[in-house]
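Sequence lines, in order, name chains D and A. Under this note's numbering, the residues of the first sequence are numbered 1 to 352, in order. Under this note's numbering, the residues of the second sequence are numbered 353 to 731, in order. Reading through the structure tokens given below for one structure.
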Amino acid sequence: VKILFLADRRTNAGSIQAVASYVRAGDELGHTIALYGRPDPHYPGVRCSTDLDAFDHVMFICEYGVGWMSGLRMSGIFSKVPRGQRAILDADGMYNPIICIDGYDRNHANENDRSRWRQHCDAVTDKILQPTLEPIDPAVRPLPFYAYDPTLHVDPKRAPPKRFDIMHVGHNWWRWREISNQVLPALERIRGGLDGVCFLGLWWDMVPAGAREQHLELAFGFDTDWFRRLGIEVRPPVPFTQVAVAMSEGRLNIMTQRPLFRHLKILTAKYFEIFCADTIPLVMLEQDHAESVYGPAGRELALDGDIAGKLLDALYRPKKYRELVEEVRHHLAAHQSYGVRVADLVAALQAS
Amino acid sequence: MKMLFVSRLDRAARAVRAITQYVALAKRKGHEAAVFGEPRADFPSVPHSRDIGRYDFVIFVVYDAWDFPDLPHLARLLDAVPRERRVIIDCIGSYNETVKVEHDANHMEKLNGHQAWEWIDGFEAVADKILQPTLTPLRKDVVPFLFFGYDPSLVKRTCSSPQEAAKAWSGQAGLLKQYGVVYVGHNWQRWSQMRRFLEAIEPLDRWLRPICLKGWAWDRRPDWAVEHDFGGVDVDPDFLNRVGAEIGEGIPYDEVVSLQSQARFCPVIHRPLFNRLGLVTNRTFETFCSDTVPVLLLPKAFVETIHGPDALLLAAGDDIPGKLTDMMRRPEVYWDAILKTRAHLAAHHSYEQRFEELMAILDGRDMAYTTPLRAAVSM
Numbered sequence: 001v002k003i004l005f006l007a008d009r010r011t012n013a014g015s016i017q018a019v020a021s022y023v024r025a026g027d028e029l030g031h032t033i034a035l036y037g038r039p040d041p042h043y044p045g046v047r048c049s050t051d052l053d054a055f056d057h058v059m060f061i062c063e064y065g066v067g068w069m070s071g072l073r074m075s076g077i078f079s080k081v082p083r084g085q086r087a088i089l090d091a092d093g094m095y096n097p098i099i100c101i102d103g104y105d106r107n108h109a110n111e112n113d114r115s116r117w118r119q120h121c122d123a124v125t126d127k128i129l130q131p132t133l134e135p136i137d138p139a140v141r142p143l144p145f146y147a148y149d150p151t152l153h154v155d156p157k158r159a160p161p162k163r164f165d166i167m168h169v170g171h172n173w174w175r176w177r178e179i180s181n182q183v184l185p186a187l188e189r190i191r192g193g194l195d196g197v198c199f200l201g202l203w204w205d206m207v208p209a210g211a212r213e214q215h216l217e218l219a220f221g222f223d224t225d226w227f228r229r230l231g232i233e234v235r236p237p238v239p240f241t242q243v244a245v246a247m248s249e250g251r252l253n254i255m256t257q258r259p260l261f262r263h264l265k266i267l268t269a270k271y272f273e274i275f276c277a278d279t280i281p282l283v284m285l286e287q288d289h290a291e292s293v294y295g296p297a298g299r300e301l302a303l304d305g306d307i308a309g310k311l312l313d314a315l316y317r318p319k320k321y322r323e324l325v326e327e328v329r330h331h332l333a334a335h336q337s338y339g340v341r342v343a344d345l346v347a348a349l350q351a352s
Numbered sequence: 353m354k355m356l357f358v359s360r361l362d363r364a365a366r367a368v369r370a371i372t373q374y375v376a377l378a379k380r381k382g383h384e385a386a387v388f389g390e391p392r393a394d395f396p397s398v399p400h401s402r403d404i405g406r407y408d409f410v411i412f413v414v415y416d417a418w419d420f421p422d423l424p425h426l427a428r429l430l431d432a433v434p435r436e437r438r439v440i441i442d443c444i445g446s447y448n449e450t451v452k453v454e455h456d457a458n459h460m461e462k463l464n465g466h467q468a469w470e471w472i473d474g475f476e477a478v479a480d481k482i483l484q485p486t487l488t489p490l491r492k493d494v495v496p497f498l499f500f501g502y503d504p505s506l507v508k509r510t511c512s513s514p515q516e517a518a519k520a521w522s523g524q525a526g527l528l529k530q531y532g533v534v535y536v537g538h539n540w541q542r543w544s545q546m547r548r549f550l551e552a553i554e555p556l557d558r559w560l561r562p563i564c565l566k567g568w569a570w571d572r573r574p575d576w577a578v579e580h581d582f583g584g585v586d587v588d589p590d591f592l593n594r595v596g597a598e599i600g601e602g603i604p605y606d607e608v609v610s611l612q613s614q615a616r617f618c619p620v621i622h623r624p625l626f627n628r629l630g631l632v633t634n635r636t637f638e639t640f641c642s643d644t645v646p647v648l649l650l651p652k653a654f655v656e657t658i659h660g661p662d663a664l665l666l667a668a669g670d671d672i673p674g675k676l677t678d679m680m681r682r683p684e685v686y687w688d689a690i691l692k693t694r695a696h697l698a699a700h701h702s703y704e705q706r707f708e709e710l711m712a713i714l715d716g717r718d719m720a721y722t723t724p725l726r727a728a729v730s731m
């Protein structure tokens, strides 16, 4: 089967790592998977194609914005790819009704925005997939999509030196409430015993241009003074090829997820990427959900409750946690690999 | 003929003057033209429609990727109208390989994520005919069509002689102009030329004051441009403050001629890209409707071809201070050039003519209309 992904191409965000893994896993299974566009050295390992006629299925990976699906771009696609061959991966749960979590995180600001989003998707296809096993809209089909790619493993022998006790890798997009209410207070309690803390990603020290105009300031909350008091180093994002390596500079890595995604149980690339790094991942998920994704050992790696205590425990007893991480990796390789996902994707696209 | 224009209609930007002219002309000539979309209170005289099936041709007027309608409307348009009845007017030469001039380019990938190939593939998917408002398109498959034109009925003050015009302009008739210089247009790829112009006139007579710039981003460089190190929307507020420039937002298209008429001089500036591609804009022609002296900061060959030989006198060339000093010293000479240029524009570039040219292109008779102008270019 030949599958072409269309996505907003960014080297340091979105689903680009997943696309690269699909390309590789597809090749192993005899499928041809590519990303729409011309080959670009910034995307090593990503097969690119503009030959829309050459693919059986086209899947749009839609995140928060669909501006990249411009009329210019869509005109060419509509003229060459029949509707029945198109699908959308609604990666951020935008196709759902308006969902607002605790008056903070939300998929849409208002019904008008939501309606426009839905009409946009409905014009493209009637096959909407979401990376969750529990979609709330009956018209949406579940497709976990993101997965574990053992080829991305950072060999401990080749890993960079550990510069930080704790790292958080990810952009600041609807994460501040969780960070400010839970993570920073926990770090405050144990900071004296830590070697270094690093937040790597965008918008931990600034609000991007345009956010105020779009009433999205809340999504980019930050407190530079607090970070400074805690000695937290902020570093810029790295390309997708360097994420696991960058994570490996931390003894522990904390994975947070925006509240909306936690609510919808939406999987992201980070769920799995963090287990490719030479680090001990601690995931801020409910234990049951962590177990459903990572297997039984996942419960132990969930940061659910006494965060400060768990962080110290992991730092002081790394052997125990490394064994848990290995267990999770085995579970992921068996149940959540891209080989499994490619088969799921092909089935979803071929389903009527 | 029934035509449906597809574009983002903005009262203070882009092709709004041209589109409203075509809509009015169509009605006057027994045709029908509308703009795709729901009726708009800010355009009461412009019919809007989503009834795609009733139109013979759909004309996309494109400056950027967002001029194509959003989904689901785009899908409906493409489904309802066959490609041979769709036309694109490519206002900035996007249907070319990438052309870069200074900070300017026909493909701003950093802004909209589209590379050259996507513009070319996308345009070809949409339309059978691609028109560009230049007489010298780079591609053989582009139809040259200037699109923008001159409307003599908009001329603010008609004068029977250059002496009369110069007298009125000088204030000798008792009407003093409010501004020395007015420029109406957004600060998009224009700063380097504007700065050169303002620096040149800074030491000159107080008669060139005050200065007024109306348009987007003359007050400060937008945050996004700073954040992404995007050139082409540069500005120096301290310098503008020093020369006493009054800065304001863009004004509606139907107030431009009047505001410019309150100035003794109006510079006519095209984006560097447009100068390279020979693209015309609404302002190429409209400034001549105002009761002002247009100072043409344009390539002389372009001026001669489009505005006619008399307009060469209005081209500032390299000596802007010298030219403006002479304009102030001998206004009758320059008003003679302005009146002759107006006559030239009325004879060769009226919207009436443009409308007929467009009809011919839609009918497949395009060469008959464009050949004389193209021949003029090659002379």
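For glycine and all other residues, C-beta sits at the position ideal for the given N, C-alpha and C. Keep in mind it's a predicted model, so treat the numbers as computed, not measured.
Residue i - containing beta strand (DSSP E), residue span
i	result
Glu384 of chain A	Glu384 to Phe388
His57 of chain D	His57 to Cys62
Val439 of chain A	Arg438 to Asp442
Tyr605 of chain A	Premise fails: Tyr605 of chain A is in no beta strand (DSSP E) and is neither H nor E.
Gln130 of chain D	Ile128 to Gln130
Arg141 of chain D	Val140 to Pro142
Asp678 of chain A	No beta strand (DSSP E) contains Asp678 of chain A, which is instead part of the alpha helix (DSSP H) from Ile672 to Arg681.
Val530 of chain A	Residue identity differs from the one stated: residue 530 of chain A is Gln in this sequence, not Val. Gln530 of chain A -> no beta strand (DSSP E), and no H or E assigned at all.
Val169 of chain D	Phe164 to Val169
Val413 of chain A	Phe409 to Val414
Leu504 of chain A	First, the residue type needs correcting, since residue 504 of chain A is Pro and not Leu in the sequence shown. Here Pro504 of chain A belongs to no beta strand (DSSP E), and DSSP marks it neither H nor E.
Terminal residues of the alpha helix (DSSP H) in which residue i lies
i	result
His331 of chain D	Pro318 to His335
Leu430 of chain A	His425 to Ala432
Glu286 of chain D	Element bounds for Glu286 of chain D: n/a, residue is neither H nor E.
Pro514 of chain A	Pro514 to Ser522
Gln17 of chain D	Ile16 to Leu29
Ala297 of chain D	Ala297 to Glu300
Ile77 of chain D	Gly71 to Lys80
Ala348 of chain D	Tyr338 to Gln350
Asn458 of chain A	Element bounds for Asn458 of chain A: n/a, residue is neither H nor E.
Thr372 of chain A	Val368 to Arg380
Nearest to residue i (by Cα), restricted to the options the options
i	options	result
Ala712 of chain A	A:Val495, A:Arg547, A:Phe617 and A:Arg628	A:Val495
Glu249 of chain D	D:Cys276, D:Tyr22 and D:Gln182	D:Cys276
Val154 of chain D	D:Asp92, D:Gln17, D:Cys198 and D:Val245	D:Val245
Gly389 of chain A	A:Gly382, A:Ala378, A:Ala370 and A:Leu361	A:Leu361
Asp122 of chain D	D:Ala302, D:Phe60, D:Pro239 and D:Asp313	D:Phe60
Leu426 of chain A	A:Asp416, A:Arg558, A:Ala386 and A:Val478	A:Val478
Asp419 of chain A	A:Pro399, A:Tyr407, A:Ser446 and A:Arg406	A:Ser446
Trp68 of chain D	A:Lys462, A:Gly596, A:Ser401 and A:Gly532	A:Lys462
Pro646 of chain A	A:Asp662, A:Arg623, A:Ile690 and A:Ile603	A:Ile690
Phe475 of chain A	D:Val140, D:Ala343, D:Ser70 and D:Gln85	D:Ser70
Rounded distance between the beta-carbons of residue j and residue i, thought under 8 angstroms
i	j	result
His171 of chain D	Pro259 of chain D	The Cβ separation is near 15 angstroms, so there is no contact.
Ala20 of chain D	Glu63 of chain D	Between Glu63 of chain D and Ala20 of chain D the Cβ distance is about 17 angstroms, and since that is not below 8 angstroms, they are no contact.
Arg24 of chain D	Ile16 of chain D	With a Cβ gap of about 13 angstroms, Arg24 of chain D and Ile16 of chain D do not count as contacting.
Gly537 of chain A	Gly567 of chain A	5 angstroms
Cys641 of chain A	Val609 of chain A	5 angstroms
Ala386 of chain A	Val375 of chain A	7 angstroms
Chain A residues whose Cβ lies nearer than 8 angstroms to that of residue i
i	result
His120 of chain D	Asp422, Leu423 and Pro424
Neighbouring residues, chain A, relative to residue i (Cβ below 7 angstroms)
i	result
Val124 of chain D	Leu423
Phe78 of chain D	Ala427 and Leu430
Met74 of chain D	Leu423 and Leu426
Arg38 of chain D	Gln467 and Trp469
Listed by chain order, chain D residues near residue i by CB distance under 8 angstroms
i	result
Asp575 of chain A	Ala209 and Gly210
Ala417 of chain A	Ser70, Gly71, Leu72 and Arg73
Glu579 of chain A	Pro208 and Ala209
Asn464 of chain A	Ser70
Where residue i meets chain A, residues with beta-carbon distance less than 9 angstroms
i	result
Thr50 of chain D	Trp469, Glu470 and Asp473
Per-residue contacts from residue i into chain D (C-beta, under 7 angstroms)
i	result
Asn744 of chain A	Because residue 744 of chain A is not part of the residues shown, which for chain A are 353 to 731, the question remains open.
Proximal chain D residues relative to residue i, where beta-carbon distance stays under 9 angstroms
i	result
Val478 of chain A	Gly71, Leu72, Ser75, Gly76 and Ser79
Practice problem: Pick out the complete alpha helix (DSSP H) segments inside the stretch 180 to 238 of chain D, 4 residues or longer, and give them in chain order. | Solution: 184 to 190 and 224 to 229
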